[in-house]
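2 protein chains.
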Amino acid sequence: MEFRTNAFLDACRNEVPEHTPVWFMRQAGRALPEYRAIRGTGSILEAIAQPELVIEITAQPVRRYGVDAAVFYSDIMVPLWATGFGVDIKPGVGPVVEQPFRSADDLDRIRDLDAAVDTPFVIEAIKGLVAELDVPLIGFAGAPFTLASYLIEGGPSKNYAQTKALMHADPELWQRLTFKLADMSAASLRSQIENGCSAVQLFDSWAGSLSKRDYERFALPATQRVFDAISDTTVPRIHFGVGTGELLTSMASINADVIGVDWRVPLDEARRRVNGKAIQGNLDPAICLAPWDVVANEVDRVLAEGGGRGHIFNLGHGVLPEIDPDILTRVVERVHARTP
Amino acid sequence: MEFRTNAFLDACRNEVPEHTPVWFMRQAGRALPEYRAIRGTGSILEAIAQPELVIEITAQPVRRYGVDAAVFYSDIMVPLWATGFGVDIKPGVGPVVEQPFRSADDLDRIRDLDAAVDTPFVIEAIKGLVAELDVPLIGFAGAPFTLASYLIEGGPSKNYAQTKALMHADPELWQRLTFKLADMSAASLRSQIENGCSAVQLFDSWAGSLSKRDYERFALPATQRVFDAISDTTVPRIHFGVGTGELLTSMASINADVIGVDWRVPLDEARRRVNGKAIQGNLDPAICLAPWDVVANEVDRVLAEGGGRGHIFNLGHGVLPEIDPDILTRVVERVHARTP
Numbered sequence: 001m002e003f004r005t006n007a008f009l010d011a012c013r014n015e016v017p018e019h020t021p022v023w024f025m026r027q028a029g030r031a032l033p034e035y036r037a038i039r040g041t042g043s044i045l046e047a048i049a050q051p052e053l054v055i056e057i058t059a060q061p062v063r064r065y066g067v068d069a070a071v072f073y074s075d076i077m078v079p080l081w082a083t084g085f086g087v088d089i090k091p092g093v094g095p096v097v098e099q100p101f102r103s104a105d106d107l108d109r110i111r112d113l114d115a116a117v118d119t120p121f122v123i124e125a126i127k128g129l130v131a132e133l134d135v136p137l138i139g140f141a142g143a144p145f146t147l148a149s150y151l152i153e154g155g156p157s158k159n160y161a162q163t164k165a166l167m168h169a170d171p172e173l174w175q176r177l178t179f180k181l182a183d184m185s186a187a188s189l190r191s192q193i194e195n196g197c198s199a200v201q202l203f204d205s206w207a208g209s210l211s212k213r214d215y216e217r218f219a220l221p222a223t224q225r226v227f228d229a230i231s232d233t234t235v236p237r238i239h240f241g242v243g244t245g246e247l248l249t250s251m252a253s254i255n256a257d258v259i260g261v262d263w264r265v266p267l268d269e270a271r272r273r274v275n276g277k278a279i280q281g282n283l284d285p286a287i288c289l290a291p292w293d294v295v296a297n298e299v300d301r302v303l304a305e306g307g308g309r310g311h312i313f314n315l316g317h318g319v320l321p322e323i324d325p326d327i328l329t330r331v332v333e334r335v336h337a338r339t340p
Numbered sequence: 341m342e343f344r345t346n347a348f349l350d351a352c353r354n355e356v357p358e359h360t361p362v363w364f365m366r367q368a369g370r371a372l373p374e375y376r377a378i379r380g381t382g383s384i385l386e387a388i389a390q391p392e393l394v395i396e397i398t399a400q401p402v403r404r405y406g407v408d409a410a411v412f413y414s415d416i417m418v419p420l421w422a423t424g425f426g427v428d429i430k431p432g433v434g435p436v437v438e439q440p441f442r443s444a445d446d447l448d449r450i451r452d453l454d455a456a457v458d459t460p461f462v463i464e465a466i467k468g469l470v471a472e473l474d475v476p477l478i479g480f481a482g483a484p485f486t487l488a489s490y491l492i493e494g495g496p497s498k499n500y501a502q503t504k505a506l507m508h509a510d511p512e513l514w515q516r517l518t519f520k521l522a523d524m525s526a527a528s529l530r531s532q533i534e535n536g537c538s539a540v541q542l543f544d545s546w547a548g549s550l551s552k553r554d555y556e557r558f559a560l561p562a563t564q565r566v567f568d569a570i571s572d573t574t575v576p577r578i579h580f581g582v583g584t585g586e587l588l589t590s591m592a593s594i595n596a597d598v599i600g601v602d603w604r605v606p607l608d609e610a611r612r613r614v615n616g617k618a619i620q621g622n623l624d625p626a627i628c629l630a631p632w633d634v635v636a637n638e639v640d641r642v643l644a645e646g647g648g649r650g651h652i653f654n655l656g657h658g659v660l661p662e663i664d665p666d667i668l669t670r671v672v673e674r675v676h677a678r679t680p
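The listed protein sequences derive, respectively, from chains A and B. First residue of the first sequence: 1, per the numbering used here; consecutive thereafter. First residue of the second sequence: 341, per the numbering used here; consecutive thereafter.
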């Protein structure tokens, strides 16, 4: 589906959209009873191989909430899993790696992604969604630092100690690793775009664990490589991380169109740090567990700080499973009711 | 023991010390073989009730590393545990609360702390340490927000969702809860000071999960109450949190003497944000897993950014159990070798 004019895409291009667009990270997920009804309890990796299921799960929040964009139901670890690195995604835990990345020998375990061969089910689901949806579909991939942290730590981490130790101890190996991951994420994004995604988001979820110095030295080059590799495409590119207050200016120096921001930095201040680029965010998802009048006030504040031009309303991180979906419906209505 | 002049205390008072002082958060702990040899595998709460063991564990890193201060071996949850809230500290997990805090009815479960009655073993250990040590002993307590997060979430948390929901949904109950916790922490700190601690640190470890707006509204007032309650004492007061880049100016507005900073903000920039107050930090503990030349470079950078006056060298967060203690010994030697 081609979108000549569309609030979400207009905001991504830093224009003033006809209304402030809104979608939610993890909008397809456990907060929705219709998701729980069909999803089962197994690993997301089982679900992902079933295009019909992925189409339904991806479309559910669009129908339910009336959001301005769908986000493809997948996981940043899918390309690594599909190319045989040995990854599982345990419900309630996150990605777990059987044999963590330890040395240069492990580089060979990271194969090039051939999306048509390795993830045909992804392509099938995207094509089906594009035919069905009347809103843009957002594709996504993991940023090299965040992907590498899972490979090295073997799973979710509190302090990314082994990851940081490796980058400092062996910067050359670190670069080879993150550049391989960059190429894999770029190949995945390219395939998602070619098959119909109208925008893409790169998740560097854990970049906020790095100092600005280490971010610029160890995370930025490979992230730049991802965005460079898809710079010939015309779809908007969103770049997101959590706890990135110190990193926003560095992140904005990379050629993405939109910078996603969590709730720690007000959007007017974030806009200054990203040198006026389009921004996405930044309602604290935990606020959505409070009564509606509290949520409404926070929505209004985010809208005021976002300022209308080039602002995509979103949460500062993913939807929490315990959020009442009716609250999110009301958030969407409230965002849409306010003209920039 | 009285310290007429002492590098650690001088730096706390924002003076130029004879050498840059250094200690490490969690310096008494699993990184030390001599700790593992005597500590066993049970909860820290079992160890804390044994003054002889606490004295030995607290003194070990002073002997081993030659740090400029000892930090009392305890946990921020000890006052709550000792007054019967129903807390355990599970090895490898952290504080776990049997019946989480849910409503105003639970306020009655938070008793006033009478340190002499509830924690006589703490007093005994502090007295023994003060008699034995030739460096200042740092006492500590938990800040109300961080303590409340454990009580409400029931354990360690990723997103503090229930905590934030409660503070926004019922600000009055939140204030009553955090003020009770403030009084408990203040009582604990007062007892530690009266029995010989030369300085105290308030850990608001998870304050960085809050926006500046929410920090000032929901965390600052109770933290201010803790420091106000001990403002008649003359010992230096350190105020620490993780991921507090956006909060440093707010934290510095409270009447503590020293602001602890993690590695995300360089110390020269941190000094600006805290309006010139004394600072503590901020080597990334994960760096200590890298080879020595990497660590040495980072130590030099931290010293340069710290600037000598009013700088206590420390890690940006606690010592990781997997750090080689010989690296920390060399860090101390290197810090001491550089005259401010």
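Every residue gets a Cβ at the ideal spot worked out from N, C-alpha and C, and that includes glycine.
Who are the neighbours of residue i on chain A, taking C-beta pairs under 9 Å?
i	result
R611 (chain B)	The premise fails here: R611 (chain B) is roughly 15 Å from chain A at the closest Cβ pair, so nothing lies under 9 Å.
How far does the alpha helix (DSSP H) with residue i in it extend, from its first residue to its last?
i	result
E8 (chain A)	Per the sequence shown, the amino acid found at residue 8 (chain A) is Phe instead of Glu. Residues 7-12.
H168 (chain A)	161-169
D640 (chain B)	632-646
L607 (chain B)	607-613
P680 (chain B)	Element bounds for P680 (chain B): n/a, residue is neither H nor E.
E684 (chain B)	No answer is possible for residue 684 (chain B): it lies beyond the span of chain B, which begins at 341 and ends at 680.
For residue i, is the beta carbon positioned less than 8 Å from some heavy atom of the ligand GTP?
i	result
I466 (chain B)	For the structure depicted, the ligand GTP is absent and the ligand set is empty, with no information on it obtainable.
Near residue i, which residues of its chain fall below 8 Å by C-beta distance, leaving aside the five closest residues on each side in sequence?
i	result
W292 (chain A)	I327, R330
V642 (chain B)	L607, G621, N622, L623, F653
V436 (chain B)	V427, D428, I429, K430, G494, G495
T423 (chain B)	I450, R451, D452, L453, D458, M524
E216 (chain A)	S250
A610 (chain B)	L588, I599, V601, I619, G621, N622
A387 (chain B)	R379, G380, L393, V394, I397, Y413
E472 (chain B)	I395, A399
A551 (chain B)	In the sequence as displayed, the identity of residue 551 (chain B) is Ser instead of Ala. Here the set comprises E586.
List the residues of chain B whose Cβ lies closer than 9 Å to the Cβ of residue i, in chain order.
i	result
S198 (chain A)	None at all; the shortest Cβ gap to chain B is about 29 Å.
In its own chain, which residues sit with a C-beta less than 6 Å from the C-beta of residue i, not counting the 5 before and 5 after it?
i	result
N14 (chain A)	A278, G310
D663 (chain B)	The sequence given here places Ile at residue 663 (chain B); Asp does not occur at that position. Contacts found: A371, C628.
R613 (chain B)	L588, T589
Which bits of chain B does residue i rub up against, with CB to CB less than 8 Å?
i	result
E305 (chain A)	Simply none; closest approach about 10 Å.
P285 (chain A)	N499, A501
W263 (chain A)	S551
S19 (chain A)	Going by the sequence as given, residue 19 (chain A) is His instead of Ser. Those do not exist, as H19 (chain A) stays about 25 Å from chain B at its closest Cβ, beyond 8 Å.
E322 (chain A)	A501
List the endpoints of the continuous beta strand (DSSP E) containing residue i.
i	result
P95 (chain A)	94-97
V427 (chain B)	427-430
Q280 (chain A)	278-283
A346 (chain A)	This structure does not reach residue 346 (chain A), given that chain A is present from 1 up to 340, and the question cannot be answered.
I578 (chain B)	577-580
V258 (chain A)	258-260
I652 (chain B)	651-655
Using C-beta distances below 7 Å, list every residue in its chain close to residue i, excluding the 5 sequence neighbours before and after it, in chain order.
i	result
G348 (chain A)	Since the first residue of chain A shown is 1 and the last is 340, residue 348 (chain A) is not available in this structure.
R678 (chain B)	T360, L643
L107 (chain A)	R176, L177, K180
Just to make sure I have the definition right: I need the residues of chain B whose C-beta is within less than 7 Å of the C-beta of residue i. Which are they?
i	result
A7 (chain A)	Chain B residues near A7 (chain A): none, gap ~26 Å exceeds 7 Å.
Could you name the residues of chain A that residue i contacts, counting a contact when the two beta carbons are closer than 7 Å?
i	result
A505 (chain B)	A286, L289, A290
G585 (chain B)	G245, E246
H508 (chain B)	I287, A290, V294
Residue i touches chain A at which residues, Cβ-Cβ below 8 Å?
i	result
H579 (chain B)	The premise fails here: H579 (chain B) is roughly 19 Å from chain A at the closest Cβ pair, so nothing lies under 8 Å.
inquiry  = Tell me whether the region 441-457 of chain B and the region 516-534 of chain B touch, counting them as touching only if at least three CB pairs, one residue from each stretch, are closer than 8 Å.
reply    = yes
Practice item. Taking only runs that begin and end inside the region 539-573 of chain B, name each unbroken alpha helix (DSSP H) of 4 or more residues, in chain order. Key: 560-569
Open item on the list: Using a Cβ distance threshold of 8 Å, determine whether the region 534-546 of chain B contacts the region 579-596 of chain B, with at least three qualifying pairs required.
Closed with: yes
> Is there contact here, the region 67-74 of chain A with the region 122-137 of chain A, by at least three beta-carbon pairs under 8 Å?
Replying inline: yes
With three or more C-beta pairs closer than 8 Å as the rule, is the region 393-401 of chain B touching the region 360-375 of chain B?
yes
Taking contact to mean at least 3 C-beta pairs separated by less than 8 Å, is the region 344-352 of chain B in contact with the region 375-383 of chain B?
no
Legend entry - Within the region 394-469 of chain B, ranges of the beta strand (DSSP E) (whole runs, at least 3 residues): 427-430, 434-437
Legend entry - Cβ contact check for the region 559-572 of chain B and the region 591-603 of chain B: 3 or more pairs under 8 Å: yes
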